[in-house]
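Enquirer: Quick note: the sequence shown uses this note's numbering, first residue 1345, plus one each step. Sharing a structure here in structure tokens format.
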Amino acid sequence: MMPRGASESEISAINKPTGGWSPARPMDWGSRFVLIVTLLAGLFMTAAGVAALLIPRWFADAAGFPRHTHFVHDAGAFQLGIGVTVLLALAWGDGLALVLAGFLVANTTHAVNHAVDIDLGGHSGDRWGLAALSLLTVVALVVRLGQRGWVIGEVTPRHQPGAGPVRTPEDGAGNHLPPERPTGGHARQPRRRW
């Protein structure tokens, strides 16, 4: 039994298995340019952050900073966080999860700096406050990812425009489209964006 308004080809397109490999769509020049610049910026910031953390004297000389190890370590923590955030943006589709992940990297590295550099700067309680904020951020990130169904990237729809109605899990099991719902009765609630 076919739902009203759906043609045989529309039903066939919906019920056709979509498993297996499919070629990627070609990128236009603008998309390729944005991808390359984003990748280069992310790699540069990540490399700068790692250099500031691992070889702070060299980094301070190269950047024209005073040779203050804790200051350079903190600069590296924030550069690393920015770099990781930019790189994750290439794969993660949710802005809130992306920001939480990038902040987690920067803040946790900052907390480690305050623990390692205890005699070079900051206050004795800084490492504990920063560590507590990182722990809260981990919990928030896990909650957010759970809200998003553990999907962090882009999800391409199986439905093709003009292919007719789409069966959702709420519609029930089976490979057929359910009959149209009567007006009045139970209506599906719109999903919240966050």
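Glycine residues also receive a C-beta, built at the ideal position from the N, C-alpha and C atoms.
Check whether the Cβ atoms of aspartate 1405 and asparagine 1457 sit closer than 8 Å, and answer yes or no.
Expert: Cβ distance not < 8 Å, so aspartate 1405 and asparagine 1457 don't count as in contact.
Enquirer: Are the CB atoms of alanine 1433 and histidine 1454 nearer to each other than 8 Å?
Expert: It is not a contact, given that the beta carbons lie outside the stated cut-off.
Enquirer: Verify whether the separation of the beta carbon atoms of threonine 1390 and glycine 1427 is less than 8 Å.
Expert: Yes.
Enquirer: Is the beta carbon of leucine 1424 less than 8 Å from the beta carbon of glycine 1393?
Expert: Closer than 8 Å, so yes.
Enquirer: Can you give the Cα-Cα distance for leucine 1489 and leucine 1387, rounded to whole angstroms?
Expert: Distance between the alpha carbons of leucine 1489 and leucine 1387: 25 Å.
Enquirer: Alpha carbon to alpha carbon, what distance is there between threonine 1481 and histidine 1412?
Expert: About 29 Å.
Enquirer: In terms of residues, what are the limits of the alpha helix (DSSP H) holding isoleucine 1496?
Expert: Here isoleucine 1496 belongs to no alpha helix (DSSP H), and DSSP marks it neither H nor E.
Enquirer: Quick check on DSSP: helix, strand or coil for isoleucine 1426?
Expert: In this structure, isoleucine 1426 counts as helix in the three-state DSSP scheme.
Enquirer: Can you give me the Cβ contacts of isoleucine 1380 inside the same chain, cut-off strictly under 6 Å, excluding the 5 residues immediately before and after it?
Expert: So the list is empty, once near-sequence residues are dropped.
Enquirer: Please classify histidine 1417: does DSSP put it in a helix, a strand, or coil?
Expert: Reduced to three states, the DSSP call for histidine 1417 is helix.
Enquirer: Leaving aside the five residues before and after leucine 1442 along the sequence, list all residues of the same chain whose C-beta is less than 8 Å from its C-beta, in chain order.
Expert: Correct list, in chain order: Thr1429, Leu1432, Ala1433 and Trp1436.
Enquirer: Let me confirm a value: glycine 1446 is counted as buried when at least 16 other C-beta atoms fall within 10 Å, else exposed. Which label applies?
Expert: Burial call: buried.
Enquirer: Beta-carbon separation of glycine 1374 and histidine 1414 under 8 Å?
Expert: No, the pair does not count as a contact, with Cβ atoms beyond the cut-off.
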